[in-house]
């Protein structure tokens, strides 16, 4: 800067600087200084240029801002201006459109690698007592938990199922370990007004089966239709009263890559009943007899398996178990049991459900298997891969067990009495054996003594020749005769 | 700028800057503090789900925080005992799910949808489109309309939630031409694929909050705006209006209309006998010359002078327009993709509903209109 054009206002400078061109002042700037105009003090061209620049930027920004309001109605504006200024916690955006491609969720053999989501469905009714056991299973699943969505249907429950369930679920979602957290969790409440009792005896009675199973089917359908989402690849049905199952069961079943697959279900029994027993008789292969039987029944009849009333001669998955068999062995089946079903979600998406009416003379899970077969899906059971259902003693079993308990008590009592008697005897005749021994030796001693005496007597006559012998006899004889 | 601004002009520019700055400040304050008119109302925000993993029939909060750890989804309780299904759905705030399998997008369809007078915040739309060239074209057109409505449209016109599904239909429907589509031998495969598409759409979108399901085909281009209220008023488990088609009558040289959907019918003894004679995998079809069933078709029951709300019982329904109580579907009534009592798709659906104890009803004098190709 040259001295005369410096910003210090106090410095005087010539009004006309004609010599501006020749004094080393930069060329470009010289044109901006109008020689015939008043130059205000303290305003250099650089200052003015900067000021103009600010004005222009301001104008451009304002125009851009106004323009953007019309182009991007609010999205960009909000994100620009409200960013962190006022409580972004309350401000959130709503998404109303969801787009899903169903060909991405067909289900594959290695779903955990492709991050395939599973919907785990659990129908519940008065199941409070089983929940702790169920949640211990839930925590142990090896399939990534965040890929599992849980859905529960609580219907017609009179106990505290609902509270216990939601408390347990809240606890899982609040777990310190992130790997414990599950995906979407829905608890669905719906009462169907079931009249059928849920205890073991009435639950498994033959007469109640058809209507009971139709109601169960209805409950399952309500649960599924409320919980199935477009992003599910698999659906896993699990009963709460499973006592023992491998933690890897989801992967184990998925690996087979079948549309519908079930393991074998047995239950442990007390020793007096044989130790174990096939439990789920609803997984079976169709037989000619059963088909012929089905034709004779009326439209609404339901064949239920495992009852003497319908002899179907079907091969049951449960009876084919070999404890040392290959757990990967598969068997084609037509009816499936509902304790533990893994199915591809596309099966349900295509409309296969649990018929709450008589579908080909079957309802609920058996009807589900039939319908899946009808739509050309593969339905498979694993005869040697076993999970264990909880053993709930039936009324007869309880009676029997009471009787056994009484017998056992009686036997114990008897044994106790016996033992006591023996003890008393021992106390009373404590040294009988030693006394006996003593007596015995004494008697032996006496016998020995006598023998010795006799021998001694015999030896004397021998020394005195034969006469005394005769004497002796004679001596003996007279008293005899006298006696006679 | 070659010409420098004089000091006077500089002084003039200053107030402009101040004005612009002030205006910007007002804008900023407005956007921060003022009610954002284009955003959703508080009521809608309160009803939205807090996590993307939620029933698709509700809007959800987009998580804006990218860096922070996402919270696990909450434990949600849905009491289905409280989901009412009544003849007065508007007053009881009942959710309606409108389901549309779509192969082609018709602007008239969307316009008609927008005209429905049922509160849009109670309506969820569900679409399923095939994954082929036609489907892609339809999807992009549909998405254009959706974006227009859901982000820039007035809030009153915006729907509660919209779900778009894409699926590969098993046997690729070679052509959507009307002639090819309606050929009898193509019917069975076509309708089985349709049934699967309908079921996929239905069972993934139904969720725990819906009271009514309205099946509306993509080629229904004209309905009364009060369609949902009118059909729900009858309080029937399944109710179907009569589907007609407008066309240019070459004889009278005038626009005219003719019955279109022949799948709404009452059963006949002839059809039942035909069914009995059939093998288990054969199906009965309606509206074909070489298979006379003598069923009474609702399409021909239309009487212009009679009351709009006359009811007739039906044994088979068509899916062009059909209002169903959600409970019917929840009980398991679906669209069989296999011959169910020799019926398939929507007709089989009516039969299955009947097996579950739900009777279908038709309104022969209540008309909706089909697109004319």
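Chains as they are written, first to last, in full-length UniProt numbering: chain B, 1 to 484; chain C, 1 to 373.
A virtual CB, placed ideally from N, CA and C, is assigned to each residue, including glycine.
- Contact between the region 332-348 of chain B and the region 232-241 of chain B is established, with three or more Cβ pairs separated by less than 8 Å.
- Residues of the same chain with a CB within less than 6 Å of the CB of residue 142/C, apart from the 5 flanking positions on each side, are 105 in chain order.
- Just so you know, the alpha carbons of residue 272/C and residue 318/C end up roughly 19 Å apart.
- DSSP, reduced to helix, strand and coil, places residue 123/C within a strand of the structure shown.
- Excluding residues up to 5 positions away in sequence, 264, 317, 322, 362 lie with their Cβ nearer than 6 Å to the Cβ of residue 240/C in the same chain.
- Contact of residue 181/B with chain C by beta-carbon distance below 7 Å involves 72.
- Taking a C-beta cut-off of 7 Å against chain B, the contacting residues of the region 116-142 of chain C are 131, listed in chain order.
- Shown in chain order are the members of the region 311-341 of chain C whose Cβ falls below 8 Å from a Cβ of chain B: 329, 330, 331, 332, 334, 335, 336, 337, 338.
- If one requires a minimum length of 3 residues, the beta strand (DSSP E) runs lying completely within the region 95-171 of chain C are 95-101, 123-130, 161-167, in chain order.
- Identification of chain B residues near residue 161/C by a Cβ-Cβ cut-off of 8 Å yields 96, 97, 98, ordered along the chain.
- In the three-state scheme derived from DSSP, where H, G and I count as helix and E and B as strand, residue 365/C is classed as strand.
- Sequence-distant Cβ neighbours of residue 283/C in its own chain, meaning closer than 7 Å and more than five residues away, are 188, 339, 342, 343, 344.
- Separation of the CB atoms of residue 89/C and residue 266/C is rounded to 27 Å, and the pair is thereby denied contact status at 8 Å.
- Every beta strand (DSSP E) stretch that sits fully inside the region 90-119 of chain B and reaches 3 residues is listed by chain position as 93-95, 97-101.
- Per the Cβ contact rule, the region 267-283 of chain B is in contact with the region 322-340 of chain B (3 or more Cβ pairs under 8 Å).
- Judged by DSSP in its simplified three-state form, residue 340/B adopts strand.
- Look at residue 329/B: its C-beta is not under 8 Å from any C-beta on chain C.
- Note on the region 346-406 of chain B: whole alpha helix (DSSP H) runs with a minimum of 4 residues are 364-374, in chain order.
- Put simply, the backbone Cα of residue 274/B is about 18 Å away from that of residue 408/B.
- The beta carbon of residue 190/B falls within 8 Å of a beta carbon belonging to chain C, placing the residue at that interface.
- Boundaries of the beta strand (DSSP E) around residue 276/B: 276-278.
- Taking 8 Å as the CB threshold, residue 374/B lines the interface with chain C.
- Apart from sequence neighbours up to five positions away, the residues of its chain that approach residue 374/B with a beta-carbon distance below 8 Å are 360, ordered along the chain.
- One Cα belongs to residue 350/C, the other to residue 166/C, and the distance between them is close to 26 Å.
- Going by C-alpha positions, residue 441/B is about 27 Å away from residue 424/B.
- When the five nearest sequence neighbours on each side are left out, the beta carbons in the same chain lying within less than 8 Å of the beta carbon of residue 84/C are those of 92, 94, 211, in order along the chain.
- The straight-line gap separating the alpha-carbon atoms of residue 16/C and residue 44/C is approximately 41 Å.
- For a Cβ distance threshold of 7 Å, residue set 330, 331, 332 of chain C lies close to residue 221/B, ordered along the chain.
- For residue 62/B, at least one C-beta of chain C is nearer than 8 Å to its own C-beta.
- At a C-beta separation below 8 Å, residue 76/C has these neighbours in chain B: 184, 185, 186, 187.
- In terms of beta-carbon proximity, residue 228/B lines the interface with chain C, with at least one pair separated by less than 8 Å.
- Its chain contains 214, 217, 218 as the residues whose beta carbon lies nearer than 6 Å to that of residue 356/B, once the 5 sequence neighbours on both sides are disregarded; these appear in chain order.
- A distance below 6 Å between beta-carbons, with the five flanking residues on each side excluded, links residue 164/C to the following residues of its chain, in chain order: 127.
- Between residue 72/C and residue 50/C, the C-beta spacing is not below 8 Å.
- Cβ proximity to chain C below 7 Å picks out 348, 349, 350, 351, 353, 354, 355, 356, 357 from the region 338-369 of chain B.
- Cβ-Cβ distances below 7 Å link residue 138/C to 102, 103, 104, 105, 129 in the same chain, with the five nearest sequence neighbours on each side left out; the list follows chain order.
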